[in-house]
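What follows is a set of notes on a single structure, which appears directly below.
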Amino acid sequence: MNKKSFNRYLFSLTLPIVLQNLITTGLNLLDTFMIGLVGETELAAVGIANQFYFLFSLFIFGIAGGTGVLIAQLWGGQDKQSIKKVLGRSLITATLLTGVFILLGSSFTEQIIKLFNKDLDIVSNGVQYLNITLWGYFFTSVSFVLASALRSINNTKIPMYGSLFGLVINGALNYILIFGRLGFSPMFVQGAALATLIARILECLILVYFIYRFVPELALSFNDFTGMQKNMKKALKKVTYPVLFNEACWGIGMVTYVGLYARLGTQAAASMQICSTIMNLFMVVAFGLAYSALVVVGNEVGAGNLDRAMEVSRKIRTMAVKVSVFLSILLFVIAGPVAMIFNVSLTVKNMVISILKIYSLMLPLRMMNMIMIVGVHRGGGDALYSTVLQGSAMWVVGIPLTFLMGYVFKMPFPLVVGTVFVEEVVKGILIQKRYRSNKWMRVVFA
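For the sequence shown, this note's numbering gives the first residue as 10, with consecutive numbering after it.
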């Protein structure tokens, strides 16, 4: 495959993933906007209730991510029967874990909300929202695992269609149920929860329908949920456990960063809320390239084409550099205009501009690290090293430095945020050293 053909192939994989994540981000923004029209109390309640969902999604994403690595390699090795066994076992694991979260959420609903806020109105609304949305967790876990499996066999369009369908349904039902349209009485928070539940159910059913209609490689029968070979069980654990731990470690770390920033003042918290939202939109591209890299590299390693895996990884790195530099320049240019959009104080606007410009300088390195760690190395079967590296850099370097800069040396807030760059530098140096050693390429099911 020549350079032009490879770039076209990589683009065809990446674009649907990017669009799907933009749709998901849009869905979250739509929820926030619509419930925000009801009131601040309701908005706070929904945000708090969704913290439990965030924790749940990290664990399920870990299972789905590990599944994706193994299926990508099995697809490259043309072992289609084992793919079904792996998918069946992963769905069972995800379902059991979801059951634990539903049991905890339904048994300790009020206590979960009170962990974050004890205001009676917020607790009441949060309990209503969580009690309804909990029952959608099962469908979400199935959707996560199926979407990961689809991407790993080079089918990135069906997950995108499912997310788009979910966005449309959720938006329409939000409008009808929250505000009371088409003969319905206004249901406010309960309406938002019911809309989310229905959208997640229908999105899951759409994925299942498309798989059984168009993707026989993933259409499971009862036998695919039983009789998994011992070596496959071992391989699945080998990739899933590190990814699961990585997602949990990363999620707790991100919450810690948010807590450190928030305690530096209201203006700091407000500026970070804006900057994080903007940065997440840019990192959607990095995630798309990372998952495409996981699929392409995983397919080649699974087929035993290690030289080819190295070749395609180099091409992906080259493309990543070009894309990240372009996005870096774009973020730097729009920093000022973006800050002016928000109805915040001049101090916060200036903070936002400074932070976004700092982010623009570190964007190429941050994107490259994500693509190499989450994409190339994880796809190559090197999940454990990636997990240790990412966790160590965050907890040994990034978080302690942020604490020192903000609370001991009391540096200006944009410089406190900029210390994350040191974490990225450490990750970048070590992951490139690992890449050059070729130790990251290993067939996990051998």
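Here a beta-carbon is modelled for each residue, glycine too, at the ideal position from N, C-alpha and C. Because the structure is a prediction, the values reported are computed rather than measured.
For Cys258, collect the residues of the same chain with a Cβ closer than 6 Å to its Cβ; drop the 5 residues on either side in sequence, then sort them by chain order.
Counting only Cβ-Cβ distances below 6 Å, and skipping sequence neighbours, we find Gly400.
Helix or strand or just coil, what does DSSP make of Arg272?
Note: Arg272 maps to coil in three-state DSSP.
For Val264, which of helix, strand or coil comes out of DSSP?
Three-state result, Val264: helix.
Mapping the DSSP letters down to three states, classify Phe125 as helix, strand or coil.
When DSSP states are grouped into helix, strand and coil, Phe125 belongs to the coil group.
Does the stretch 214–226 come into contact with the stretch 363–371, if we say contact requires no fewer than three beta-carbon pairs (one atom in each stretch) closer than 8 Å?
Between the stretch 214–226 and the stretch 363–371, the count of Cβ pairs shorter than 8 Å is below three; the stretches do not touch.
Between which residues of its own chain and Val27 is the CB-CB distance below 7 Å, once the five residues before and five after are set aside?
Same-chain partners within the cutoff: Val293, Val294 and Gly297.
Residues of its chain near Met281, where Cβ-Cβ distance is below 6 Å and the 5 sequence neighbours each way are ignored:
Only Tyr270 meet the Cβ criterion.
Nearest residue (CA-CA) to Thr102, options Asp88, Thr76, Val304 and Met420:
For Thr102, the nearest C-alpha among the options comes from Thr76.
How big is the Cα-Cα spacing for Gly71 and Val431?
Those two C-alpha atoms are separated by around 26 Å.
Relative to the C-alpha of Leu100, which residue among Phe234, Phe110 and Leu191 is closest?
Considering only alpha carbons, the answer is Phe234.
Please state if the CB of Leu79 and the CB of Ala156 are separated by a distance shorter than 8 Å.
When the beta-carbon positions are compared, Ala156 and Leu79 stay at least 8 Å from each other.
Cα-Cα separation, Gly48 to Val198
Cα-Cα distance, rounded: 10 Å.
Under 7 Å Cβ to Cβ from Glu51, same chain only, skipping five residues before and after it: list those, please.
Ile44, Asn134, Phe197 and Val198.
For Ser21, the nearest candidate out of Lys127, Ala318, Ile167 and Met403 (CA to CA):
Cα-wise, what sits closest to Ser21 is Ile167.
Applying the 10 Å Cβ sphere with the 16-neighbour rule, what's the burial state of Lys419?
Taking every protein chain shown into account, the CB of Lys419 has fewer than 16 other CB atoms within 10 angstroms, so this residue is exposed.
Compute the beta-carbon to beta-carbon distance between Ile122 and Leu139, rounded to the nearest angstrom, for a pair I have assumed lies under 8 Å.
With 8 Å as the limit, Ile122 and Leu139 qualify as a contact, their Cβ atoms being about 7 Å apart.
Do the CB positions of Ala81 and Gly313 come within less than 8 Å of each other?
Cβ distance not < 8 Å, so Ala81 and Gly313 don't count as in contact.
With a threshold of 6 Å on Cβ separation, who are the neighbours of Phe341 within its own chain once the five nearest residues in sequence on each side are excluded?
So the list reads Lys366 and Ser369, once near-sequence residues are dropped.
If Ile178 and Ala201 are in contact, beta carbons under 8 Å, what's the gap, nearest whole angstrom?
That belief does not hold up - the Cβ atoms of Ile178 and Ala201 are roughly 13 Å apart, past 8 Å.
Reduced DSSP secondary structure (H/G/I, E/B, other) of Asp88
Reduced to three states, the DSSP call for Asp88 is coil.
Please report the straight-line C-alpha distance between Ile185 and Leu203, rounded to a whole angstrom.
Rounded to whole angstroms, the gap between the alpha carbons of Ile185 and Leu203 is 11 Å.
Assuming Ile210 and Gly145 make a contact with CB atoms under 8 Å, what is their CB distance in whole Å?
The Cβ separation is near 6 Å, so the contact holds.
Three-state secondary structure (DSSP) at Val47?
DSSP places Val47 in the coil class of the three-state scheme, outside both helix and strand.
If we count the other Cβ atoms within 10 Å of its Cβ and call it buried at 16 or more, is Glu212 buried or exposed?
Buried.
Considering only residues of the same chain and omitting the five flanking positions on each side of Arg443, which have a CB-CB separation below 8 Å?
Closer than 8 Å at the Cβ level, and outside the excluded window around Arg443, lie His386, Asp391, Tyr394, Leu398 and Trp449.
Could you pull out every residue in the same chain whose Cβ sits closer than 7 Å to the Cβ of Asn308, ignoring the five residues on either side in sequence?
Taken in chain order, the residues that qualify are Ala81, Trp84 and Gly85.
Hey, Thr104 and Ser150 are a contact pair by Cβ (cut 8 Å); roughly how many whole angstroms apart?
Correct: roughly 6 Å between the Cβ atoms.
When you compare each of Gly311, Tyr62 and Ile287 to Leu113 by their alpha carbons, which one comes out closest?
Leu113 has its Cα closest to that of Tyr62, out of Gly311, Tyr62 and Ile287.
Going by beta carbon distance, what residues of the same chain come within less than 6 Å of Val383, once the five residues before and after it are set aside?
Ala299.
Which residues in the same chain have their Cβ closer than 8 Å to the Cβ of Glu119, if we skip the five residues on either side of it in sequence?
Within the same chain, Val132 and Val136 come within 8 Å of Glu119 by CB-CB distance, once the 5 residues on both sides are set aside.
Grouping DSSP H, G and I as helix and E and B as strand, with all else coil, what is Asp233?
Three-state DSSP puts Asp233 in a helix.
Please state the DSSP three-state secondary structure of Phe351.
Residue state, collapsed to three classes: coil.
Just to confirm before moving on: does the CB-CB distance between Thr411 and Val425 stay below 8 Å?
The answer is yes: Cβ separation under 8 Å.
By DSSP, does Thr107 sit in helix, in strand, or in coil?
Reduced to three states, the DSSP call for Thr107 is helix.
At the level of alpha carbons, what is the spacing between Ile440 and Met403?
Distance between the alpha carbons of Ile440 and Met403 is about 14 Å.
Within this structure, are the beta carbons of Val306 and Val321 separated by less than 8 Å?
The answer is yes: Cβ separation under 8 Å.
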